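Residue numbers (the numbering used here), protein chains in the order written: chain F, 1 to 566; chain U, 1001 to 1566.
Don't be surprised by glycine CBs; every beta carbon is placed ideally from N, CA and C.
Since the model is a prediction, treat every value here as computed from it, not as a measurement.
See structure below.
2 protein chains.
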Amino acid sequence: MNWYAEHLPLLERARQACAERHCWSPYPEIPGKYPNADQAQADGKQAFEAHLGQDGRSRQFALNQPGQVGWLGEEISPYTQQALGIEYPRCKVDALFDAAEQAIGRWSQASIQERLGALMQVLDVIYKEHLFEITHAVMHTAGQSYNMAYAGSGVNALDRGIEALVHAEQALRSVAPTARWERSFGPSHISLEKTYRLVPRGVAVCFTCASFPTWNAWPSMMASLATGNAVIVKPHPASVLPMAISVRVFRQVLAQAGFDPNLVTLAVDSSAEPLGKILVQHPKTAIVDFIGSVQFGLWVEKNAHPALTFTETAGNNTVVLESADDLDAALRSLATTLCIFSAQMCTSPQNIYIPRQGVRTPQGMVAFQEVGQRLAAAVAALTREPKKAAMILATIQSPQTLALLEQLKQQGQRVGQVLLEPAPYPHPEFPNARTSTPLMLQVSTRERELYAGERFGPVSFVIECNSAQDALAQASADVREFGGLTAFLYSTDENYIDQAEQAYARAGAQLTTNLTGAMPLNFAAAYSDYHVTGLNRAGNASLTNLAFVSSRFCIAPSRRPSRQTA
Amino acid sequence: MNWYAEHLPLLERARQACAERHCWSPYPEIPGKYPNADQAQADGKQAFEAHLGQDGRSRQFALNQPGQVGWLGEEISPYTQQALGIEYPRCKVDALFDAAEQAIGRWSQASIQERLGALMQVLDVIYKEHLFEITHAVMHTAGQSYNMAYAGSGVNALDRGIEALVHAEQALRSVAPTARWERSFGPSHISLEKTYRLVPRGVAVCFTCASFPTWNAWPSMMASLATGNAVIVKPHPASVLPMAISVRVFRQVLAQAGFDPNLVTLAVDSSAEPLGKILVQHPKTAIVDFIGSVQFGLWVEKNAHPALTFTETAGNNTVVLESADDLDAALRSLATTLCIFSAQMCTSPQNIYIPRQGVRTPQGMVAFQEVGQRLAAAVAALTREPKKAAMILATIQSPQTLALLEQLKQQGQRVGQVLLEPAPYPHPEFPNARTSTPLMLQVSTRERELYAGERFGPVSFVIECNSAQDALAQASADVREFGGLTAFLYSTDENYIDQAEQAYARAGAQLTTNLTGAMPLNFAAAYSDYHVTGLNRAGNASLTNLAFVSSRFCIAPSRRPSRQTA
């Protein structure tokens, strides 16, 4: 069993992709291209269904973790609005930390190859044996569409995991394991053998979110584990199953490799009794990977000390429409991206800044009002037909999002104009699905309070600005103040584009300019696109750069006189 | 003026040293080997003296910084106990931040080569034109001996600066500047040009300490500047001159290279009106490099958010004496290291743990009491003769240290045994020098409160432990709880050594085993030894690893359709 050797060709290819940042993935991008796809998909569905409670009786998802004191689970499928009926082990927090700490010993002393081999094997087992099971689990917790759950929460998340391993290996190998050091001090010759031990920080706590449970979690876990740490996963109580399946695979593969499975455990909580603050402030917590709300994220960053924190909170993501060669193509791309997974992605655009004078096109200026109406029409066209709507909008993960839409609609009616009213659409396969078409409001920059900061869910704001310069200034200032991951620009003016590139680089959002066509504007390519920049409140977990991995371990040196020296 | 090309051979050689961690330095290790040494040393002394006030009139050290509102300075030479009479610009804090922020623009957009070239030139100018001037400045502020000021605060600090540049370059170059990314989405082919801009965090505040002003400062400044940030230096009010000279060189060279000199400024304060907390919590502070007390260091770590922090506070540094082939040689090395610069180094040993049963030697067990007495005798022998004492002990930087010695002596008399009483020794060149021979106390582990935590200055504790196992357990537990940078072990038992290596790696102190001879036990070699590990309260500034540099900049990506694609 030499997993490192087995997976080395893949790892080497991934290293090249990370260095050159071109398009690559070892995985098929759509379910139909998976090997023996029909059978695999049927098996995955069956495996998912085998987890579910039946006839009102819940089913227990055993993990054999230490300190178990009971069972709990409260997941409800956004597709059926029925409880999944799965219960997970409730374990004493101290028992999980003690077990994790114990498990670190052998793991951290294993070679880099051993650790990387086992972790590549984890990804391989997820891919070969659990991918469609997780796809269904993500659908029925996060509420994503089948295709997105496969791609975004499946293979793309696996890619992000490999990427984290590549960077972890690079950071670990940047430290020489040993050295011989020789120097004279006056007449005396000193020769020392030096050893540089790589020591993990300790126990990492990895939070995962309700709407995208695996995508941040797998790379964070890989980054911590590759560098020798243990990981306690704290899933959002609404989306436990994808991480429970993942944790089980980690535990099985680690045990198979001769390591203590308690290197990876699951700490489930309930919305009534959250564990988050207890885990962050536990004296044994050495690293926190947090994905979730801005509010709790800021609390984590302030209170996790002395633990290291890696965060990805939320995006006040902006669009600037200044001019376009093909305005319809731009609006189609924008409409699609506003709809994908009902804008429940941290990369979904939200605020669209347009000059009052309108948008320049080869056919002349298109008035501000008209641009908003055409964009609204493009969104409406995408969501009118239930089958198409289901593929693109999927479901609404949380009932709170529907409440927010209603509240924002009412506020919008008072201070601005409602361009699109949200409404449930009938899902063709799941008649009870929690759904909504998007809310689109037209406002001016005086209504900043309404749109500044992330409004999680299918809502967007068409914002009237004083000028093209003002649009860019407002948009980038909002990113600086409220955080933002992505930004989008349409302009045919190279000077304006250059200004925008500078402004967004300072504000710290990834800028996509003049993209049209079939690629969703917010598509994030593993091995090529980075995630949050660390320059604004959206967080600092730039999947994956050296900063994401290099402080997860420390160097403990020792030195002694060389044994065979003259 | 292509400074990068000019300094590239040196940088390439330094890269190799950092990778292999062998012994290397481009600089002569003792003053006498400096080119044209006599003249250079005379010139340096003269340059230093030209800074001093005369006849009770102070002299102004002009820096031409923005927002200057006055002058201040309170340095007193530990060698003469007279005021240096130098006044430095007192500037408005906001003006320094505004100017620093403005200066970042062009600097951060310069190429990596341009920045590295200018920074290598800074080090070169310090070495060629200011080294002996700084040597004298360090003597008369920090109180180091001439040779230590030259080596430890001069060339070794320059080496640490180069090391930081090597690692910064490695981190910066790990990000591809651009990429072409191509993929099909259904029938549509997407080709994107991607740009990965490296964006600095912003303004770094670099604290420097009273007793070792340059050694941490130069590498911290280099790490921040190489990654595109600006730096405001906040020197300890007792040791401003070495950093004022440094800051002036940075400003001159940066201006010569066409950059805004306000990239590097000096924020001087007084002990009556400290600026530290204001600087740490300034809204524009993006990075804090802190060297100083544990107490303030912990405050910085807790309160600097959202700024990044790199800290090096203090060492509860431990020695375990279990057995020795040549106990006298071990005690001689230990005695020397206890004396060097009156133990005012963060790497100086303090707590010496010895089994009650004594220390095993080829001649039999040497009783605990006898080991303590022989060590005390070895220290006394080093400090008896004033000329020798002056070379090794140098002076006491702060009057507070003398007060602490007196207080600890009294406490030690009550609860333990005074092995060595501190006393001033007459400095042969400076009759008014503030000096003291070391205090050495013998206690048991019941007196832990007395010795746990750093006691800054020439004090050490010989601690009676229950057994060899207990000695190691106590020592490593004290490091874990109170922090520690260095640790020293004498043992002929390979199993015991192995245990110690594991225990100290977990505790996070660099362990030096069985070293005897002319090298000071706590000698830290640039390009080879790392500094604090990040695993305990002594801090996280491991000069220099990837973690020390890679989060000082962020990656801001942008992407747009490729311009010449099919």
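Same chain, Cβ closer than 7 Å to residue i, five either side skipped, listed in chain order
i	result
S1528(U)	R1021, H1022, C1023
A176(F)	Y196
L119(F)	L165, M222, L225, A226
W3(F)	G117, A118, M120, Q121
G1258(U)	none
P1219(U)	R1160, G1161, E1163, A1164, L1543, T1544
A433(F)	P78, Y79, T395, H427
E1273(U)	none
V1300(U)	V1280, V1288, F1290, T1309, T1311
G154(F)	L131, I134, T135
K1480(U)	One detail in the question is off: residue 1480(U) reads as Arg in this sequence, not Lys. Same-chain partners within the cutoff: A1507, N1536.
W181(F)	L192, K194
For residue j and residue i, believed in contact at Cβ under 8 Å, the rounded distance
i	j	result
N316(F)	G453(F)	6 Å
M1440(U)	L1420(U)	4 Å
T1318(U)	A1475(U)	4 Å
R1356(U)	E1464(U)	5 Å
A1538(U)	L1485(U)	5 Å
L1450(U)	Q1411(U)	6 Å
A524(F)	L1535(U)	The Cβ separation is near 34 Å, so there is no contact.
V249(F)	V138(F)	Wrong, their Cβ atoms sit about 15 Å apart, outside the cutoff.
A943(U)	K1194(U)	In the structure displayed, chain U extends from 1001 to 1566; residue 943(U) sits before or after that span and is not available.
Chain F residues whose Cβ lies nearer than 7 Å to that of residue i
i	result
C1023(U)	W181, E182, R183
R1197(U)	A505
K1302(U)	H305
K1194(U)	R21, S528
E1501(U)	S558
Same chain, Cβ closer than 6 Å to residue i, five either side skipped, listed in chain order
i	result
G67(F)	C91, K92, A95
D260(F)	A103
Q1510(U)	T1486
F461(F)	N351, L441, V443, Y451
A954(U)	No answer is possible for residue 954(U): the residues shown for chain U start at 1001 and end at 1566.
L521(F)	S333, T337, F488, T512, L515
Chain-ordered chain U contacts of residue i [CB-CB under 7 Å]
i	result
A171(F)	L1546
Y79(F)	Ordered by position in chain U, no residue passes the 7 Å Cβ test against Y79(F), which lies about 25 Å from the chain.
P561(F)	N1514, L1515
Chain-order list of residues whose beta-carbon lies under 8 Å from that of residue i (same chain, five-residue window excluded)
i	result
A330(F)	L321, A324, Y490, N514, T516
N303(F)	K277, V280, Q281
Listed by chain order, chain U residues near residue i by CB distance under 8 Å
i	result
H427(F)	The premise fails here: H427(F) is roughly 23 Å from chain U at the closest Cβ pair, so nothing lies under 8 Å.
I112(F)	Result: empty, since nearest Cβ-Cβ is about 15 Å, beyond 8 Å.
Buried/exposed call for residue i, threshold 16 Cβ in 10 Å
i	result
M1(F)	exposed
N216(F)	buried
R1360(U)	buried
P1089(U)	buried
V1233(U)	buried
A566(F)	Interpretation of A566(F) is limited by its pLDDT of 43, a score under 50 that renders its predicted location unreliable; the figure taken from the coordinates is listed afterwards. Flag for A566(F) reads exposed.
A403(F)	exposed
R1559(U)	buried
F1548(U)	buried
Contacts of residue i in chain U (Cβ-Cβ under 9 Å)
i	result
S542(F)	C1554, I1555
D342(F)	It is worth fixing the name first, because residue 342(F) is Ser in this sequence and not Asp. Ordered by position in chain U, no residue passes the 9 Å Cβ test against S342(F), which lies about 20 Å from the chain.
Contact list for residue i against chain F, beta-carbon separation under 8 Å
i	result
L1535(U)	V199, R201, C554, A556
S1188(U)	G517, A518, M519
Any non-hydrogen atom of the ligand SAH within 7 Å of residue i CB
i	result
G1073(U)	As presented, the structure is devoid of all ligands, the ligand SAH included, so that no description of it is given.
Task: Contact residues within the segment 1173-1186 of chain U, judged by C-beta distance below 8 Å to chain F - done: Hits within the stretch, in order: S1174, V1175, A1176, A1179, R1180, W1181, E1182, R1183, F1185, G1186.
Task: Cβ-based contacts, 9 Å cut-off: residues of the segment 1262-1295 of chain U near chain F - done: Under the 9 Å Cβ criterion, the segment 1262-1295 of chain U contributes no residue.
Task: Contact list for the segment 506-529 of chain F against chain U, Cβ threshold 9 Å - done: Residues of the segment 506-529 of chain F with a Cβ closer than 9 Å to any Cβ of chain U, in chain order: R506, A507, G508, A509, Q510, L511, T512, T513, N514, L515, T516, G517, A518, M519, P520, F523, A525, S528, D529.
Task: Cβ-based contacts, 8 Å cut-off: residues of the segment 14-45 of chain F near chain U - done: Taking a C-beta cut-off of 8 Å against chain U, the contacting residues of the segment 14-45 of chain F are A19, E20, R21, H22, C23, listed in chain order.
Task: Residues of the segment 359-392 of chain F whose Cβ lies closer than 9 Å to any Cβ of chain U, in chain order - done: Within the segment 359-392 of chain F, no residue qualifies.
Open item on the list: Give me the subset of the segment 1404-1415 of chain U whose CB atoms are less than 9 Å from a CB atom of chain F, sorted by chain position.
Closed with: Cβ contacts with chain F come from no residue of the segment 1404-1415 of chain U.
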